[in-house]
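Residue numbers (this note's numbering), protein chains in the order written: chain A, 62 to 271; chain B, 62 to 271; chain C, 62 to 271; chain D, 62 to 271.
Glycine included, each C-beta is placed from N, C-alpha and C at the ideal position.
Report on the following structure.
4 protein chains.
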Amino acid sequence: MSAAQDHIREQLIEARRNQILDATAKVFAEKGFHRATTKEIARAAGVSEGTIYNYFASKADLVVGIMTRLAELDALGEELAGALQSEPREFFIAAFRHRVNRIRQGQEMLQAILPEVLTSPELRESFYRQYVLRIAEMLEQYVRTRVELGDIRPVNVPLTVRALQSIFVGLFVMRILGDEAVLSGWDDVPEVLATLIFDGLCPRPEEVAG
Amino acid sequence: MSAAQDHIREQLIEARRNQILDATAKVFAEKGFHRATTKEIARAAGVSEGTIYNYFASKADLVVGIMTRLAELDALGEELAGALQSEPREFFIAAFRHRVNRIRQGQEMLQAILPEVLTSPELRESFYRQYVLRIAEMLEQYVRTRVELGDIRPVNVPLTVRALQSIFVGLFVMRILGDEAVLSGWDDVPEVLATLIFDGLCPRPEEVAG
Amino acid sequence: MSAAQDHIREQLIEARRNQILDATAKVFAEKGFHRATTKEIARAAGVSEGTIYNYFASKADLVVGIMTRLAELDALGEELAGALQSEPREFFIAAFRHRVNRIRQGQEMLQAILPEVLTSPELRESFYRQYVLRIAEMLEQYVRTRVELGDIRPVNVPLTVRALQSIFVGLFVMRILGDEAVLSGWDDVPEVLATLIFDGLCPRPEEVAG
Amino acid sequence: MSAAQDHIREQLIEARRNQILDATAKVFAEKGFHRATTKEIARAAGVSEGTIYNYFASKADLVVGIMTRLAELDALGEELAGALQSEPREFFIAAFRHRVNRIRQGQEMLQAILPEVLTSPELRESFYRQYVLRIAEMLEQYVRTRVELGDIRPVNVPLTVRALQSIFVGLFVMRILGDEAVLSGWDDVPEVLATLIFDGLCPRPEEVAG
DNA sequence: AATGAATGAGTCTTCATTCAT
DNA sequence: CATGAATGAAGACTCATTCAT
Numbered sequence: 062m063s064a065a066q067d068h069i070r071e072q073l074i075e076a077r078r079n080q081i082l083d084a085t086a087k088v089f090a091e092k093g094f095h096r097a098t099t100k101e102i103a104r105a106a107g108v109s110e111g112t113i114y115n116y117f118a119s120k121a122d123l124v125v126g127i128m129t130r131l132a133e134l135d136a137l138g139e140e141l142a143g144a145l146q147s148e149p150r151e152f153f154i155a156a157f158r159h160r161v162n163r164i165r166q167g168q169e170m171l172q173a174i175l176p177e178v179l180t181s182p183e184l185r186e187s188f189y190r191q192y193v194l195r196i197a198e199m200l201e202q203y204v205r206t207r208v209e210l211g212d213i214r215p216v217n218v219p220l221t222v223r224a225l226q227s228i229f230v231g232l233f234v235m236r237i238l239g240d241e242a243v244l245s246g247w248d249d250v251p252e253v254l255a256t257l258i259f260d261g262l263c264p265r266p267e268e269v270a271g
Numbered sequence: 062m063s064a065a066q067d068h069i070r071e072q073l074i075e076a077r078r079n080q081i082l083d084a085t086a087k088v089f090a091e092k093g094f095h096r097a098t099t100k101e102i103a104r105a106a107g108v109s110e111g112t113i114y115n116y117f118a119s120k121a122d123l124v125v126g127i128m129t130r131l132a133e134l135d136a137l138g139e140e141l142a143g144a145l146q147s148e149p150r151e152f153f154i155a156a157f158r159h160r161v162n163r164i165r166q167g168q169e170m171l172q173a174i175l176p177e178v179l180t181s182p183e184l185r186e187s188f189y190r191q192y193v194l195r196i197a198e199m200l201e202q203y204v205r206t207r208v209e210l211g212d213i214r215p216v217n218v219p220l221t222v223r224a225l226q227s228i229f230v231g232l233f234v235m236r237i238l239g240d241e242a243v244l245s246g247w248d249d250v251p252e253v254l255a256t257l258i259f260d261g262l263c264p265r266p267e268e269v270a271g
Numbered sequence: 062m063s064a065a066q067d068h069i070r071e072q073l074i075e076a077r078r079n080q081i082l083d084a085t086a087k088v089f090a091e092k093g094f095h096r097a098t099t100k101e102i103a104r105a106a107g108v109s110e111g112t113i114y115n116y117f118a119s120k121a122d123l124v125v126g127i128m129t130r131l132a133e134l135d136a137l138g139e140e141l142a143g144a145l146q147s148e149p150r151e152f153f154i155a156a157f158r159h160r161v162n163r164i165r166q167g168q169e170m171l172q173a174i175l176p177e178v179l180t181s182p183e184l185r186e187s188f189y190r191q192y193v194l195r196i197a198e199m200l201e202q203y204v205r206t207r208v209e210l211g212d213i214r215p216v217n218v219p220l221t222v223r224a225l226q227s228i229f230v231g232l233f234v235m236r237i238l239g240d241e242a243v244l245s246g247w248d249d250v251p252e253v254l255a256t257l258i259f260d261g262l263c264p265r266p267e268e269v270a271g
Numbered sequence: 062m063s064a065a066q067d068h069i070r071e072q073l074i075e076a077r078r079n080q081i082l083d084a085t086a087k088v089f090a091e092k093g094f095h096r097a098t099t100k101e102i103a104r105a106a107g108v109s110e111g112t113i114y115n116y117f118a119s120k121a122d123l124v125v126g127i128m129t130r131l132a133e134l135d136a137l138g139e140e141l142a143g144a145l146q147s148e149p150r151e152f153f154i155a156a157f158r159h160r161v162n163r164i165r166q167g168q169e170m171l172q173a174i175l176p177e178v179l180t181s182p183e184l185r186e187s188f189y190r191q192y193v194l195r196i197a198e199m200l201e202q203y204v205r206t207r208v209e210l211g212d213i214r215p216v217n218v219p220l221t222v223r224a225l226q227s228i229f230v231g232l233f234v235m236r237i238l239g240d241e242a243v244l245s246g247w248d249d250v251p252e253v254l255a256t257l258i259f260d261g262l263c264p265r266p267e268e269v270a271g
């Protein structure tokens, strides 16, 4: 029974943490980390300021909390891994679709933390390791393999992979900036990217011939 | 004589403004807008706090000042315009080189303001119009023309252009995040991107044949 | 219970506000609005600077707070109303006594805000309406009635009433200026004024005769 | 010649001082001592900030300058002295007229300094001696004499004199407060006051009889 | 565990004053 | 003498954090 109670307690704690983080993401996304006040977050979460400090060590810790939650939410690793067997074009489309959806879902949380992440060295480090480097390494591995198999032309693998990742980072920034083309065309992004990245802009002879 | 004096005075004012903005960019890039104090900026600029306020209306105005200076520095418009006659491959390489150099030069200033730009609606709007939209429109125009000429395959022009811009935004973020591959491979970025964007990842039959 | 708690809470808030306003009046009266610092007020009130701002929106709001409190304290309206039936001489003596006492009691608060009231257009307006105009209108009404009844000789009612009010304003300023005659003779003021105002300085024939 | 030059120089200095004090009075009257900035005064005077400090030791010294100028302007002493021989009623009317005119002329300067005078102990002292006490003593002397002669009924001389002075102080405050009755009826004040003060409000038997 | 009043360190900003030109 | 840029001390105000209830 004690075990069951502990379980319930843990669930309650987790629920309260999420309740606070949801509110935090909302407020941070709207006003930014520094202009958001703990009082405001408390109000948005429907709790008191004191309660926030029962679940998080500090205001800065809320950023960490959001980052962690984003990471948990993010199963790119597994999904990517699953698609690693596919042919490149399918793989990229699948990967792009996945990213595009993740960004849509995590927009608020990501927008909430990105400016702060770009500002604080520690967050930068942590964010880079969790979100950029891990994926970069997987992609590098995949591309390198495919290059060896002749499915992808020989390229500067690290930079090419960074360019791919950069597109999504950049598109996300475009969304924050309110670019209409990106916001309204978001669903088409995976295919457009697949064409761009996979086929290139240069028209192919056989296509011209065809 | 009064005219000459005015001229000198204006130059002094401009020099002082730049002196302050240089220091500001340094401090903002290091600590971020909010953690940077006016006292710190003053010290870095070698002036008193009061002097800052003789040249800028507020701390926030320093961000605007940096943004304006970036825009003045930025002659992409003209350079792009000059390359608009070139064949696509040359055009893109030239454009990429240009961007890559601008980012290297403006890194500090850009890093100083980006997080704040992402946070403040007004700055966002202003930044988007000055740095994103203007260039997007020029690129769209170019790409559209080339598509009509058959030099570029038919693509979703707005999104493709956003994707191109996004790459640089994203790569810049990667630099802030300290990604080694991007930082150390920066000089190779234009060519890698040209290959990626123009030729695509998919190996071409004739190349395979060759 | 919630209602009871609310009641207690409100009382606590009111008590804290008064505690702060008392200290504020003291410090303002001594140093004036601008030379008084919030730190000093906080110390005098035995709270922290932050606490002041939990109860008042700004330093300027403290002036408003004092003014409001003065107005609440001030029941001249009712007392005047009560005396409105009396014969003029009794009425004036009663009214003068009342004013004289109010000034003595409210000296600190009044001295605290008067210079600022004379300076700020908004406060001026507000002060004038609460303290001057309301009473002027009541007095005018009374005097006009008594003139009609023949109990008061025909006079320029508005100006006469202003003159009466002015005496108290002026005497209060005299107190601030430290005039010994006014300070030490304060208790005699009502009677002296009654004689002055009601009988005039000119000796009366019958009195001379008597 | 050197003497003549000195004379011219002195006149220039005096003119410049007055130019500055005029502007100061205007700005102080409008914004109050503390909210007025030296920059603003300089602009209003058509000189630079530095120039102000060539003629006055400090911002506070400008108040002293205005007070001194008011005192020079003010020849009440002499005029009062001249009227001291008159019968009471004529004397008071003359004195009241004089005061009323002085206030109208000196309104701006007086309004400029009064709030500050009420606030600063030193100014208070100085103001009290120059403007209040001197006149009070003269009035006391006059009234006392007239009482002895039987021209004025026996009264509490010091308080009566203070009350008389207070009326003008109070009326001046009323003007600052923007009271319409006082502002628009200003020309009638001397007569109204003469009636009020000299004859009193109480109707006289013989008048009733008449 | 939740509350929210109290805290006070920290910061932007103002502005009287100085002084080199 | 006049100027006005530079100064920097001072102060109102904010807000993350604590803790008694």
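Looking at the structure shown, is residue i part of a helix, part of a strand, or coil, going by DSSP?
i: R104 (chain C); result: helix
i: S147 (chain D); result: coil
i: A270 (chain D); result: Low local confidence applies: a pLDDT of 40 at A270 (chain D) is under 50, so the model's placement there is unreliable, with the coordinate-based value given in what follows. Looking at A270 (chain D) - three-state DSSP - the assignment turns out to be helix.
i: V216 (chain C); result: coil
i: R96 (chain A); result: coil
i: S227 (chain B); result: helix
i: L171 (chain B); result: helix
i: L262 (chain B); result: coil
Whole angstroms is fine: what's the gap from residue i's alpha carbon to residue j's?
i: D132 (chain B); j: Q191 (chain B); result: It is Ala, not Asp, that sits at residue 132 (chain B) in the sequence shown. Computed Cα separation, rounded: 7 angstroms.
i: S119 (chain C); j: A105 (chain C); result: 17 angstroms
i: V269 (chain D); j: G211 (chain C); result: Low local confidence applies: a pLDDT of 45 at V269 (chain D) is under 50, so the model's placement there is unreliable, with the coordinate-based value given in what follows. If I take the Cα positions, the gap works out to 9 angstroms.
i: R70 (chain A); j: T98 (chain B); result: 43 angstroms
i: K286 (chain D); j: M170 (chain D); result: Residue 286 (chain D) cannot be examined here, being either before or after the span of chain D that is shown, 62 to 271.
i: V193 (chain B); j: F233 (chain A); result: 13 angstroms
i: D260 (chain A); j: A90 (chain B); result: 38 angstroms
i: C263 (chain D); j: Q166 (chain D); result: 34 angstroms
i: I81 (chain B); j: D135 (chain B); result: 20 angstroms
i: P182 (chain B); j: Y189 (chain B); result: 10 angstroms
i: E186 (chain D); j: G93 (chain C); result: 16 angstroms
i: Q72 (chain A); j: D248 (chain B); result: 51 angstroms
i: R150 (chain C); j: L244 (chain C); result: 24 angstroms
i: I196 (chain D); j: V218 (chain C); result: 28 angstroms
i: T221 (chain C); j: E252 (chain D); result: 10 angstroms
For a contact meaning CB atoms closer than 8 angstroms, what does residue i contact in chain D?
i: V108 (chain C); result: Within 8 angstroms Cβ-Cβ: nothing; V108 (chain C) doesn't reach chain D, min ~25 angstroms.
i: M235 (chain C); result: V193, R223, Q226, S227, V230
Report the option in the options whose CA atom is closest to the CA atom of residue i.
i: R130 (chain B); options: B:I174, B:H68, B:I228; result: B:I174
i: Q146 (chain C); options: C:Q172, C:L184, C:Q202; result: C:Q202
i: V204 (chain C); options: C:A156, C:E110, C:T112; result: C:A156
Please compile the residues from chain D whose C-beta is within a distance smaller than 7 angstroms of the C-beta of residue i.
i: P219 (chain C); result: A242, G246
i: G167 (chain C); result: Simply none; closest approach about 15 angstroms.
Which residues in chain B have a C-beta closer than 9 angstroms to the C-beta of residue i? List them in chain order.
i: H95 (chain A); result: G93, F94, H95, R96, T180
i: Y189 (chain A); result: M235, L238, G239, D240
Please list, in chain order, the chain A residues whose beta carbon lies closer than 7 angstroms to that of residue i.
i: D249 (chain B); result: N217, L220
Taking residue i as the query, report the chain B residues whose CB atoms sit under 7 angstroms from its CB, ordered along the chain.
i: T256 (chain A); result: V216
Could you name the residues of chain C that residue i contacts, counting a contact when the two beta carbons are closer than 7 angstroms?
i: V88 (chain D); result: What V88 (chain D) touches in chain C: nothing, since even the nearest Cβ is about 12 angstroms away.
i: F259 (chain D); result: G261, L262, C263
Given that residue i touches chain C, what residues does it touch there, using C-beta distances under 9 angstroms?
i: L175 (chain D); result: P176, L179, V234
Cβ pair count under 8 angstroms reaching 3, the segment 243-259 of chain D against the segment 62-82 of chain D: Contact fails: fewer than three Cβ-Cβ distances are below 8 angstroms.
For the segment 72-82 of chain B against the segment 178-189 of chain B, do three or more pairs of beta-carbon atoms, one drawn from each stretch, fall closer than 8 angstroms, so that the two count as touching? Output reads no: the segment 178-189 of chain B does not touch the segment 72-82 of chain B.
Between the segment 214-233 of chain C and the segment 108-128 of chain C, are three or more C-beta pairs nearer than 8 angstroms? Contact fails: fewer than three Cβ-Cβ distances are below 8 angstroms.
Specify whether the segment 100-115 of chain B and the segment 152-161 of chain B touch according to this definition: at least 3 beta carbon pairs, one from each stretch, less than 8 angstroms apart. No, the segment 100-115 of chain B does not touch the segment 152-161 of chain B.
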